[in-house]
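Numbering (the working numbering), first residue to last: 6 to 386.
As structure tokens, the structure follows; a few thoughts come after it.
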Amino acid sequence: MNEHEICRMLEQSVPEVPEQFHQAMEETLARIVREERPQPVVRMRRALALAAAIALLLATAAYAVYRFTTFDVLSFLTGQNPVNAGEIMSASLHQETVNGVDVTIREAGYDGRMLLIQYSYRLPDENPPMDPYECESMVFDRGVGWWTDNFWIDGVNMDMFAGSGSELTGGAPGEVIHTEYWRLDEGNVKLSGEVEIALPIGAKPDTSRYFPRKDHPEWFNADGSMKKPDQGLVTFRLNTGDTLSRVLTEAPNLPTTNELGTFRVSEAAFSPLMTYLTLAIAPDPAALERYKAEHGEGLYDDEGALAWPYDASDVHGGWVHSLSLVDADGNELFPGHYGVSMLGREQAEFLYPHIEHLPDELWLAPVENGQARMEDGVRVR
């Protein structure tokens with residue numbers, strides 16, 4: 006059997022793999038064949054080498070085609086199937102049965118800023134419910150589920166940092182899936198290497214043992230954060246590698262001024278999974294006065310009381326929401342992707358998927374009917 010026959014056999018046996026890997030493996034196999042010698046010992050070594058190469062290709066092919074469903078759920082943040090997903094994410098991290106409920110840590114990964122975790126509850130009953138919310142209710146009835154607004158990384162308390170969230174979806178009959186994203190960067194938390202993650206999603210303990218806090222100070226740190234409890238946790242380990250070193254962070258700070266104020270991208274961070282842009286805003290006070298003169302002081306309730314006084318975010322909000330990430334020619338990098346994740350009086354944040362080929366020039370520019378107004382854009386890099 007020569008190298009071409011081997012490659013044809015592999016093509017028929019395994020799914021498609023990235024072209025770069027395919028070429029490298031073909032070269033390796035060709036080299037093994039070229040180095041064949043007539044001695045029996047060498048032939049045995051060649052056979053073992055071929056077997057190892059084939060096993061490696063089979064394993065890598067299976068890994069390459071694994072679909073991380075985390076990104077199907079969080080496509081509004083990450084887009085679907087980031088090209089680097091296999092380098093960041095891990096699957097099938099842990100499984101245990103709690104009170105008759107199968108708890109599985111399905112997927113997890115850390116991109117240098119955000120921690121992604123997907124776990125599921127499954128009721129292995131004979132006729133499990135199809136509706137995920139009904140299934141979730143039955144899980145809770147068995148005393149299983151999230152019971153405190155904390156989790157722990159290497160024993161250190163993590164709270165729900167700003168920008169974090171969770172999505173609930175259905176899976177197989179009798180299964181409910183939680184997909185969570187935790188903005189660790191908002192708490193200045195940085196991970197590297199292997200970490201232990203403990204989630205309060207196991208058997209719910211008697212919370213009177215921990216709360217109210219004033220009655221159980223032994224379970225809390227001086228800063229008010231909760232110590233890692235000894236009950237109710239599901240724990241797994243995640244290798245975050247050296248992902249932090251792969252995050253490119255820039256501070257362009259190139260101002261654009263219009264009738265609403267001055268805008269500049271104070272930070273642009275490009276991770277293996279995401280693009281994070283922070284837009285700093287210096288509102289023009291005169292713009293707010295003009296806005297109030299036209300629209301009034303704010304929104305009033307049914308009794309005529311001022312319920313929502315207008316501020317600068319109401320003035321520049323529409324313009325900020327019109328911005329989209331474009332290249333130097335005004336082409337949208339992610340058409341249809343809604344980038345604004347946070348808007349305030351003096352700051353906004355934009356989240357986009359990973360940019361595979363990062364151009365030298367990027368802008369946040371107003372886009373109307375597919376046309377970018379570059380003259381009104383804010384330089385990103």
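Just so you know, even glycine gets a beta-carbon here, dropped at the ideal spot from N, CA and C.
> Hey, residue 134 and residue 91: beta-carbon distance below 8 Å or not?
Replying inline: Contact: no.
task: Indicate whether the contact test is met: 3 or more Cβ pairs, each with one atom in the region 136-155 and one in the region 261-274, closer than 8 Å.
output: Verdict: no, contact absent.
Problem - Rounded separation between residue 27 and residue 349 - CA only - result: Unreliable positioning characterises residue 27 in this predicted model, as indicated by a pLDDT of 48, which lies under 50. A coordinate reading is not provided.
Within the continuous beta strand (DSSP E) that includes residue 114, where are the two ends? It spans 106-115 - the beta strand (DSSP E) in which residue 114 sits, taken as one unbroken run.
Suppose you measure from the CA of residue 224 to the CA of residue 203; what does that come to, to the nearest Å? Going by the C-alpha atoms only, they are around 16 Å apart.
Exercise for the section: Kindly list the residues whose CB is nearer than 8 Å to the CB of residue 381, restricted to its own chain and excluding five residues on each side of it in sequence; keep chain order. Expected result: Counting only Cβ-Cβ distances below 8 Å, and skipping sequence neighbours, we find 261, 263, 370, 371.
Expressed to the nearest angstrom, what Euclidean distance is found between the alpha-carbon atoms of residue 251 and residue 222?
Cα-Cα distance, rounded: 41 Å.
Item to complete: Decide if residue 117 is buried, meaning its Cβ has at least 16 other Cβ atoms within 10 Å, or exposed.
Response: Residue 117 is buried by the Cβ-count criterion.
Where do the ends of the alpha helix (DSSP H) carrying residue 231 lie? Per DSSP, residue 231 belongs to no alpha helix (DSSP H) and is neither H nor E.
If you measure between the beta carbons of residue 271 and residue 283, is that distance less than 8 Å? Residue 283 sits close to residue 271, with the two beta carbons spaced by under 8 Å.
Item to complete: To the nearest angstrom, report how far apart residue 215 and residue 86 are at their CA atoms.
Response: Rounded to whole angstroms, residue 215 to residue 86 spans 41 Å at the Cα level.
Q.
Ignoring anything shorter than 3 residues, give me the beta strand (DSSP E) runs that lie fully in the region 84-171, in order along the chain.
A. The qualifying runs are 94-103, 106-115, 119-127, 156-158, 161-163.
Do you know offhand how far residue 205's Cα is from residue 273's? If you take the alpha carbons of residue 205 and residue 273, they lie about 34 Å apart.
- Which runs of the beta strand (DSSP E) fall wholly inside the region 188-245 and span at least 3 residues, in chain order? As far as the region 188-245 is concerned, its whole beta strand (DSSP E) runs of at least 3 residues are 199-204, 239-244.
Q) Which word fits residue 291, buried or exposed, when buried means at least 16 other C-beta atoms lie within 10 angstroms of its C-beta? A) Only exposed fits residue 291, as fewer than 16 other CB atoms lie within 10 angstroms of its CB.
| request: Report yes or no: do three or more beta-carbon pairs, one from the region 239-246 and one from the region 94-112, lie closer than 8 Å? | output: Touching, per the Cβ criterion.
- According to the Cβ coordinates, are residue 148 and residue 104 closer than 8 Å? Yes, Cβ-Cβ distance for residue 148 and residue 104 is below 8 Å.
| Identified DSSP bridge partners for residue 303 | Under DSSP, the beta-bridge partners assigned to residue 303 are 314.
Decide yes or no for the touch test of the region 349-362 against the region 315-328: beta carbon pairs closer than 8 Å, at least 3 of them. Yes, the region 349-362 is in contact with the region 315-328.
- Whose C-alpha, out of 336, 73, 288, 246, is nearest the C-alpha of residue 324? Closest by alpha carbon: 288.
- Message: Within the continuous beta strand (DSSP E) that includes residue 261, where are the two ends?
- Response: Where residue 261 is concerned, the enclosing beta strand (DSSP E) stretches over 261-263.
If the criterion is Cβ atoms closer than 8 Å, does the pair residue 201 and residue 159 meet it? For residue 201 and residue 159, yes; Cβs fall inside 8 Å.
Mark residue 113 as exposed unless 16 or more other C-beta atoms lie within 10 angstroms of its C-beta, in which case mark it buried.
By the neighbour-count criterion, in which a residue is buried when 16 or more other Cβ atoms sit within 10 angstroms of its Cβ, residue 113 is buried.
Worksheet entry | Check whether residue 361 and residue 386 have beta carbons under 8 Å apart | No, these two residues do not count as a Cβ contact at 8 Å.
State the Cα-Cα distance for the pair residue 301 and residue 378, rounded to the nearest angstrom.
One C-alpha to the other measures close to 30 Å.
field: For residue 367, the residue or residues it bridges with in DSSP
entry: BP columns for residue 367 point to 332.
- Message: Once DSSP output is grouped into helix, strand and coil, what is the label at residue 321?
- Response: Looking at residue 321 - three-state DSSP - the assignment turns out to be helix.
Review point. Below 8 Å between beta carbons: does that hold for residue 126 and residue 181?
Key: For residue 126 and residue 181, yes; Cβs fall inside 8 Å.
Are residue 3 and residue 171 closer than 8 Å when you measure CB to CB?
This structure leaves residue 3 out entirely; the chain is present only between 6 and 386.
With 16 as the cutoff for other CB atoms within 10 Å, does residue 313 come out buried or exposed? Flag for residue 313 reads exposed.
message: For residue 376 and residue 363, I'd like the C-alpha separation in whole angstroms.
response: So the two alpha carbons sit approximately 21 Å from each other.
Self-check item: Between the CA atoms of residue 229 and residue 218 - distance to the nearest angstrom
Solution: Going by the C-alpha atoms only, they are around 9 Å apart.
Residue 359 and residue 276 - do their beta-carbons sit closer together than 8 Å? Contact flag set, yes.
- Determine the extent of the alpha helix (DSSP H) in which residue 76 is found, giving its start and end residues. Looking at the DSSP string, the run of the alpha helix (DSSP H) that includes residue 76 is 75-78.
In terms of alpha-carbon separation, which member of 305, 296, 195, 278 lies closest to residue 318?
-> Measuring from the Cα of residue 318, the nearest candidate turns out to be 296.
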